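Here is the structure we will look at, set down as structure tokens.
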Amino acid sequence: MNGFIDIHQHGGPDGDMVRKRTDFELAEAAKKEGMAGIVLKAHTRDTTESAKKINDELGTICYGSLVLNNGIDPDQAERAITSGARLIYFPTINALNHKGSIKITNNGVLIPEAVRVLELTCEQNVPVSTGHSSLEETIALVDKAKEIGTRVIVIHPELALTFVPLEIQKRLAGDGIYFERTFYGLRNPNYPNRDSRSGLFEIDDQALELMVENIRNVGVSSTILSSDLGQPWNVEPVQGFRYFLDLMRKYFDDNEVLQMGRVNPAFALGNVFHFSEKGGK
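Take 134 as the starting number for the sequence shown in this note's numbering and just add one per residue.
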């Protein structure tokens, strides 16, 4: 785990959603394992101040993020970035595509507020995540981001809720466009419906086959591996991330796993870890 980066760990508190660990406990575990860092995610709060307090105590190990679940508010995004957020998510649980009412397009065209979020994140060298956007919204986001020059992380392209067909992934791929493929997606590919899997490391074989095929066709250079863990019924995030990396080593060589688990996330975040292209400091 030395030097690897997990850009997707859920810590508590997070509204009425129970989490396995607090932000501090996640960061402490990551540091103990020798990881370069993690990004803290919460659906209901900006985690930036939490990350700053943790880093003051543990040394720099985590970064904050903001999910725009209160609406597409460029001012809120700018405040978070000014405070140190390294990732801005478009809506997740409150997205129209999920169980909310927030939409980011009208007739397939991004609303002005969404365009402004893309502009300011580009200006501040911070990426955006597509969140739980629909396929139409994801395409609109990536196409506009390419025009502006904003880095985009397309999250969960294999998940039922946010599924992106392979041919669309290949069309969207390009400089600064990353596809985040998660261990959670192998555990629960039919999200938001929850699959029944009793074993903490039990995965869906078809989901794994699809993920490996997509990586091979779209490219290692555009893939980010993350855990998306922190739910109480799932394995500890650090353990799950380690297992996921080891699983990927059955299909990709060590350098390719290093690319997907260390180099790509570092550069997607704006190389806050100061890595060279080979992943060393």
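By construction, the Cβ of each residue, glycine as well, lies at the ideal position given by its N, Cα and C atoms.
Since this is a predicted model, take the numbers as computed values, not measurements.
For residue i, which residues from the same chain have a beta carbon less than 6 angstroms from its beta carbon, with the 5 sequence-adjacent residues on both sides left out?
| i | result |
| --- | --- |
| glycine 282 | Cys255 |
| serine 359 | Asp139, Ile140, His141, Glu313, Thr315 |
| alanine 278 | Leu251, Val285 |
In its own chain, which residues sit with a C-beta less than 7 angstroms from the C-beta of residue i, not counting the 5 before and 5 after it?
| i | result |
| --- | --- |
| leucine 229 | Ile235, Lys236 |
| serine 216 | Thr181, Glu182 |
| glycine 204 | Ile235 |
| proline 398 | Ile138, Ile140, Ile357 |
Comparing alpha-carbon positions, which option in the options lies nearest residue i?
| i | options | result |
| --- | --- | --- |
| phenylalanine 157 | Gly167, Met150, Asp189 | Asp189 |
| arginine 284 | Leu378, Leu294, Thr263 | Thr263 |
| alanine 293 | Ile187, Ala340, Pro245 | Ala340 |
| alanine 401 | Tyr222, Pro260, Arg212 | Pro260 |
| serine 198 | Gly192, Ala184, Leu191 | Ala184 |
| valine 334 | Gly363, Val242, Gly373 | Residue identity check: residue 334 is phenylalanine in the sequence provided, not valine. For phenylalanine 334, the nearest C-alpha among the options comes from Gly373. |
| methionine 417 | His176, Asn347, Ile171 | With the chain running from 134 to 414 in the structure shown, residue 417 is simply not present. |
| aspartate 337 | Gly363, Glu291, Ile301, Arg375 | Glu291 |
In this structure, does DSSP put residue i in helix, strand or coil?
| i | result |
| --- | --- |
| tyrosine 324 | coil |
| alanine 228 | strand |
| leucine 243 | strand |
| phenylalanine 377 | helix |
| phenylalanine 316 | helix |
| threonine 215 | helix |
| leucine 173 | strand |
| methionine 393 | helix |
| threonine 263 | coil |
| leucine 299 | helix |
| leucine 199 | strand |
| aspartate 147 | strand |
| leucine 402 | coil |
| isoleucine 194 | coil |
Give every residue of the same chain whose Cβ lies closer than 8 angstroms to the Cβ of residue i, excluding the five residues on either side of it in the sequence, and list them in chain order.
| i | result |
| --- | --- |
| histidine 231 | Pro224, Thr225, His265, Leu294, Pro325 |
| leucine 378 | Met134, Phe137, Leu358, Val390, Gly394 |
| leucine 201 | Gln209, Ala210, Ile221, Tyr222, Phe223, Pro224, Ile235, Val250, Gly264 |
Would residue i pass as a contact of residue j if the rule is Cβ separation under 8 angstroms?
| i | j | result |
| --- | --- | --- |
| leucine 299 | valine 287 | no |
| valine 368 | alanine 162 | no |
Of all Cβ atoms in chain B, is any one closer than 8 angstroms to the Cβ of residue i?
| i | result |
| --- | --- |
| glycine 170 | In the structure shown, chain B cannot be found, because there is only a single protein chain. |
Touching by the beta-carbon criterion (3+ pairs, under 8 angstroms), the region 235 to 252 and the region 263 to 279: Flag = yes, the region 235 to 252 and the region 263 to 279 touch.
Check whether the region 322 to 334 and the region 348 to 355 are in contact - that is, three or more C-beta pairs closer than 8 angstroms. Not touching, per the Cβ criterion.
Under 8 angstroms: do the region 205 to 213 and the region 239 to 248 share three or more Cβ pairs, one atom per stretch? Judged by Cβ distances under 8 angstroms, the region 205 to 213 makes contact with the region 239 to 248, as three or more pairs qualify.
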